[in-house]
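**Q** If you scroll down you'll find the structure; I have some questions about it.
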Amino acid sequence: MDDSAKVPVLVTGGAGYIGSHAVLALRDAGWPVAVIDNLSTGFRWAVPDDVPFFEGDIADTALLARIFTEHNIGAIMHFAGSIVVPESVADPLKYYDNNTSRSRTLIQAAVEHGVPHFIFSSTATVYGEPEIKPLTEDDPLQPVNPYGMSKLMTERILADISRAHAMNHCVLRYFNVCGADPAARSGQSTAGATHLIKVAVETVTGKRDHVAIFGCDYPTPDGTGIRDYIHVSDLASAHVHALSALIDRPERSLTMNVGYGRGFSVLEVLDAVDSATGTTIVRKQEPRRPGDVPALISNPARIHEVTDWQPVHDDLETIVCHALAWERKLHDMRRNS
Ligand code: UDP
Numbered sequence: 069m070d071d072s073a074k075v076p077v078l079v080t081g082g083a084g085y086i087g088s089h090a091v092l093a094l095r096d097a098g099w100p101v102a103v104i105d106n107l108s109t110g111f112r113w114a115v116p117d118d119v120p121f122f123e124g125d126i127a128d129t130a131l132l133a134r135i136f137t138e139h140n141i142g143a144i145m146h147f148a149g150s151i152v153v154p155e156s157v158a159d160p161l162k163y164y165d166n167n168t169s170r171s172r173t174l175i176q177a178a179v180e181h182g183v184p185h186f187i188f189s190s191t192a193t194v195y196g197e198p199e200i201k202p203l204t205e206d207d208p209l210q211p212v213n214p215y216g217m218s219k220l221m222t223e224r225i226l227a228d229i230s231r232a233h234a235m236n237h238c239v240l241r242y243f244n245v246c247g248a249d250p251a252a253r254s255g256q257s258t259a260g261a262t263h264l265i266k267v268a269v270e271t272v273t274g275k276r277d278h279v280a281i282f283g284c285d286y287p288t289p290d291g292t293g294i295r296d297y298i299h300v301s302d303l304a305s306a307h308v309h310a311l312s313a314l315i316d317r318p319e320r321s322l323t324m325n326v327g328y329g330r331g332f333s334v335l336e337v338l339d340a341v342d343s344a345t346g347t348t349i350v351r352k353q354e355p356r357r358p359g360d361v362p363a364l365i366s367n368p369a370r371i372h373e374v375t376d377w378q379p380v381h382d383d384l385e386t387i388v389c390h391a392l393a394w395e396r397k398l399h400d401m402r403r404n405s
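Quick note on this note's numbering: the sequence shown kicks off at 69 and runs consecutively.
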């Protein structure tokens, strides 16, 4: 895309895991960026010093108005939100507040200020408990947990908004995001992580003594859950391509899966971790975790049709190596702080 078409982008949740990688991807591709983050789970250090940073909430409309005006914001990438399935089962109101109500407020502010493009972090969890097959965007949407439902509600709000107002949007439905920036500029840093690859690399570095396998009785070939694991830097670059697609055709909104189109079981992931790191991590079988589904695998045909997105890290061992390099850096940063 021509540099003159690169509008300033406000990244919400830009100090968090995926948001910080999106900031890096945008900057690397020459887009002006600003970040808003309330630092509830993100880290100030995850945002480069030369990126304008606003500590605050996405429901703070006065702050949003100031940022939109001062930075002439031409697009929003909305990452801020809560993302842990079991927590959403235990505390649904937190999810409907963070992921639905506050998103609605942000969308309203965007409409009122005439921000023309909006990209929303959604999730494969909106498909619920689907058949074990690669999922297209047209498959049924039947979330089985509050996390998925809270995201789906925001998808629906955006669909109505784009019909009524001059703002097009792109919903990106992420599959299982993992790994870290290959240059170790950012990575998954939240304490108390629950995601499989993060838990596994924490075990490799000795932060945990084992990995629990949640459920060995799923209707999958080895009985463990299957997911489509996608490297966070590939996901971040998908956002940059999606934004170009929105700018190219302002009359069109999009909903696109972002995954690699293949799945790995928990056991296959743990084997890859062992093989990439030369360790044998201790595995313990435990019961299924509430809210988990047997398999989620994307059919990413649409994003490949609509954009020039080219994933470059589709390899489980590469993902594990990047995650581990980040885990070691994080460990050193914490020891030295
Ligand atoms: N999982 C596991 N042990 C863990 C974390 C996750 O067995 O410590 C399994 C989980 O049951 C699911 C898959 O790994 O089948 C991916 O879970 P994760 O929490 O990484 O992502 P989710 O799919 O829940 O968003």
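Think of the CB as a built atom: it goes at the ideal place given N, C-alpha and C, for glycine as much as any other residue. Predicted model, so just to flag it, every value in this text is computed and none were measured.
Compute the minimum distance between the beta carbon of residue 282 and the heavy atoms of the ligand UDP, and state whether it is under 6 Å.
**A** On the sequence shown, position 214 is the one that residue 282 refers to. It does: the Cβ of residue 282 is within 6 Å (strictly closer) of some heavy atom of the ligand UDP.
**Q** Please classify residue 140: is it buried, with 16 or more other beta-carbons within 10 angstroms of its beta-carbon, or exposed?
**A** Against the sequence shown, residue 140 aligns to sequence position 72. Residue 140 is exposed by the Cβ-count criterion.
**Q** I'd like to confirm the pairing. Which residues does DSSP put opposite residue 186 in its beta bridges?
**A** Within the sequence shown, the letter at position 118 stands for residue 186. Note: residue 186 sits in a beta bridge opposite 144, 237.
**Q** Just reading off the alpha helix (DSSP H) that residue 103 is part of, what are its end residues?
**A** Sequence index remark: in the sequence shown, residue 103 carries index 35 (1-based). That residue, residue 103, is in no alpha helix (DSSP H); its beta strand (DSSP E) goes 101-105.
**Q** Based on Cα-Cα distance, which residue from 78, 388, 377 lies nearest to residue 131?
**A** Along the sequence shown, one-based indexing puts residue 131 at 63. Checking every option, the nearest Cα to that of residue 131 belongs to 78.
**Q** What do you reckon, are the CB atoms on residue 245 and residue 365 nearer than 7 Å?
**A** Here residue 245 refers to the residue found at position 177 of the sequence shown. Here residue 365 refers to the residue found at position 297 of the sequence shown. Not in contact: residue 245 and residue 365 (Cβ atoms no closer than 7 Å).
**Q** Please state if the CB of residue 171 and the CB of residue 129 are separated by a distance shorter than 7 Å.
**A** Start at 1 with the first residue of the sequence shown, and residue 129 comes out as number 61. Start at 1 with the first residue of the sequence shown, and residue 171 comes out as number 103. No, Cβ-Cβ distance for residue 129 and residue 171 is not below 7 Å.
**Q** Whose C-alpha, out of 291, 303, 181, is nearest the C-alpha of residue 239?
**A** Counting from one through the sequence shown, the residue named residue 239 turns up at place 171. For residue 239, the nearest C-alpha among the options comes from 303.
**Q** Taking the beta strand (DSSP E) that residue 151 belongs to, which residues open and close that run?
**A** Sequence index remark: in the sequence shown, residue 151 carries index 83 (1-based). Note, residue 151: premise wrong, no beta strand (DSSP E); not H, not E.
**Q** Would you give the residue range spanned by the beta strand (DSSP E) that residue 89 belongs to?
**A** For this step, residue 89 is matched to residue 21 along the sequence shown. No beta strand (DSSP E) holds residue 89; the alpha helix (DSSP H) holding it covers 85-96.
**Q** Reducing DSSP to helix, strand and coil, say where residue 215 ends up.
**A** For the purposes of this step, residue 215 is taken as the residue at position 147 of the sequence shown. Residue state, collapsed to three classes: helix.
**Q** Which residues does DSSP list as the beta-bridge partners of residue 351?
**A** Your numbering for residue 351 matches position 283 in the sequence shown. Partner(s): 279.
**Q** On a Cα-Cα basis, can you pick out the residue from 74, 289, 167, 301 that is closest to residue 331?
**A** Here residue 331 is taken as the residue at index 263 of the sequence shown, counted from 1. Checking every option, the nearest Cα to that of residue 331 belongs to 289.
**Q** Can you tell me the Cα-Cα spacing of residue 337 and residue 392, whole angstroms?
**A** Within the sequence shown, the letter at position 269 stands for residue 337. Within the sequence shown, the letter at position 324 stands for residue 392. For residue 337 and residue 392, the distance between alpha carbons rounds to 14 Å.
**Q** Within its chain, find whatever has a CB closer than 6 Å to the CB of residue 247; leave out the 5 residues flanking it on each side and keep chain order.
**A** Position 179 of the sequence shown, counted from the start, is the residue given in the question as residue 247. Counting only Cβ-Cβ distances below 6 Å, and skipping sequence neighbours, we find 299, 300, 387, 390, 391.
**Q** Is residue 284 helix, strand or coil by DSSP?
**A** Here residue 284 corresponds to residue number 216 of the sequence shown, with the count starting at 1. Of the three classes helix, strand and coil, the one that applies to residue 284 here is coil, per DSSP.
**Q** Would you mind stating whether residue 184 and residue 357 have Cβ atoms separated by less than 7 Å?
**A** Numbered from its first residue, the sequence shown carries residue 184 at position 116. Numbered from its first residue, the sequence shown carries residue 357 at position 289. No, the Cβ-Cβ distance between residue 184 and residue 357 is not below 7 Å.
**Q** Who are residue 122's beta bridge partners in DSSP?
**A** Counting from one through the sequence shown, the residue named residue 122 turns up at place 54. Per DSSP, 104.
**Q** I want to check one thing, is the minimum distance from the CB of residue 347 to the heavy atoms of the ligand UDP below 6 Å?
**A** Residue mapping note: residue 347 aligns to position 279 of the sequence shown, counting from 1. No; taking the cut-off as 6 Å, the Cβ of residue 347 has no heavy atom of the ligand UDP nearer than that.
**Q** Look at the alpha carbon of residue 169 and the alpha carbon of residue 257, and state the distance between them as a whole number of angstroms.
**A** Along the sequence shown, one-based indexing puts residue 169 at 101. Along the sequence shown, one-based indexing puts residue 257 at 189. If I take the Cα positions, the gap works out to 26 Å.
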